[in-house]
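From first to last, the protein sequence lines are chains A and B.
Just so you know, the first sequence maps onto residues -19 to 192 in my numbering.
Just so you know, the second sequence maps onto residues 11 to 20 in my numbering.
In what follows, a single structure is set out as structure tokens and then discussed.
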Amino acid sequence: MNIFRLCGDMSHLAAIIILLLKMWKTRSVAGISGKSQILFATVFTARYLDLFTSFISIYNTCMKVFFIGTVYFTIYLIYMKFKATYDSNHDSFRVEFLIVPVGGLAFLVNHEFAPLEIIWTFSIYLESVAILPQLFMISKTGEAETITSHYLFALGSYRALYLCNWIYRYYAEGFFDLIAVVAGVVQTILYCDFFYLYITKVMKGKKISLPA
Amino acid sequence: DEFVPKHDEL
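Now the structure itself:
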């Protein structure tokens, strides 16, 4: 463990907590893409299959349980508890256009042609594009609530911090995982446009409103 | 055979 990865995990944790607080306090899921949350649930389920087979640390296990638990709770809030506030008209990204290519790529490009490894690779590739339905929804509604912007900033920062973690681990431990790094770079690049809006607007107390 | 990194990250 290193400071970059710890900050990355804390940023990821913060994002999930911000999202849950937004939903619970406002009792509304307006502006939140249920499809992205379903993709994140798929990512965590696929990646944490080894939750019961390989023990790494108490921290690792607790975080995995927390991530899986909260993402399914988020889906429950969106599609059941606060269903009336879910904006399905604007959450119209065709996720099959993500899952099929990502699934195919996981079969073709992986570290080892073994079931668990391919599923892990699928989760890495899927995570890099899982935020697209959410960003697409914001571009369609033309705006994002400030709390949603904080959620996205924390979520985008987590993988950017992981890039720093991989640089550190390469020089400190000789650890290098090309698949995770390439997917992490793609994932972070997808947030760049949003990061720009966040820093130029939200940091100055304005709301994010895209030219619709 | 190629080293398969043990996935110790979240």
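Built from N, CA and C at the ideal position, the CB exists for glycine as well.
Per-residue DSSP class, three states only, for residue i
i, result
"I147/A", "helix"
"S34/A", "coil"
"I18/A", "helix"
"S13/A", "coil"
"S(-9)/A", "helix"
Reference residue i, options the options, closest by Cα
i, options, result
"L112/A", "S16/A, K2/A, I159/A", "S16/A"
"K2/A", "Y148/A, G154/A, Y131/A, F93/A", "Y131/A"
"L190/A", "I98/A, E76/A, E125/A, F20/A", "E125/A"
"V82/A", "Y66/A, W100/A, E92/A, T65/A", "W100/A"
"C(-13)/A", "Y151/A, I147/A, L141/A", "L141/A"
"H17/B", "E92/A, A21/A, C144/A, L57/A", "E92/A"
"D85/A", "A94/A, N40/A, I98/A", "The residue asked about is misnamed: residue 85/A is Leu in this sequence, not Asp. The shortest C-alpha separation from L85/A is found at I98/A."
"F32/A", "V23/A, K44/A, T22/A", "K44/A"
"T128/A", "S37/A, Y176/A, I179/A, I(-2)/A", "I(-2)/A"
- Taking three-plus beta-carbon pairs below 8 angstroms as touching, is the segment 25 to 33 of chain A in contact with the segment 64 to 74 of chain A? no
- Query: Is there contact between the segment 160 to 168 of chain A and the segment -15 to 2 of chain A, where contact requires at least three CB pairs shorter than 8 angstroms?
  - Reply: no
- Segment contact, 8 angstroms Cβ cut-off, at least three pairs: the segment 172 to 191 of chain A with the segment 4 to 16 of chain A: no
- Query: Would you call the segment 98 to 111 of chain A and the segment 146 to 165 of chain A touching, i.e. three or more CB-CB distances under 8 angstroms?
  - Reply: Between the segment 98 to 111 of chain A and the segment 146 to 165 of chain A, the count of Cβ pairs shorter than 8 angstroms is three or higher; the stretches touch.
- Task: Jot down the residue ranges of each uninterrupted alpha helix (DSSP H) in the segment 79 to 140 of chain A, minimum 4 residues, whole runs only, in chain order.
- Result: Those alpha helix (DSSP H) runs which fall completely within the segment 79 to 140 of chain A and span 4+ residues are 95 to 109, 112 to 121.
- Message: Under 8 angstroms: do the segment 133 to 140 of chain A and the segment 171 to 179 of chain A share three or more Cβ pairs, one atom per stretch?
- Response: Yes, since at least three Cβ pairs between the segment 133 to 140 of chain A and the segment 171 to 179 of chain A fall closer than 8 angstroms, the two stretches touch.
- Query: Got a sec: which bits of the segment 36 to 59 of chain A sit with their beta carbon under 8 angstroms from any beta carbon on chain B, in order along the chain?
  - Reply: Residues I36, N40, M43, K44, F47.
- Determine which residues of the segment 93 to 104 of chain A have a Cβ less than 8 angstroms from any Cβ of chain B, and write them out in chain order. E97, W100
- Going along the segment -19 to 4 of chain A in order, which residues come within less than 8 angstroms of chain B, judged by CB to CB distance? R(-15), D(-11), H(-8)
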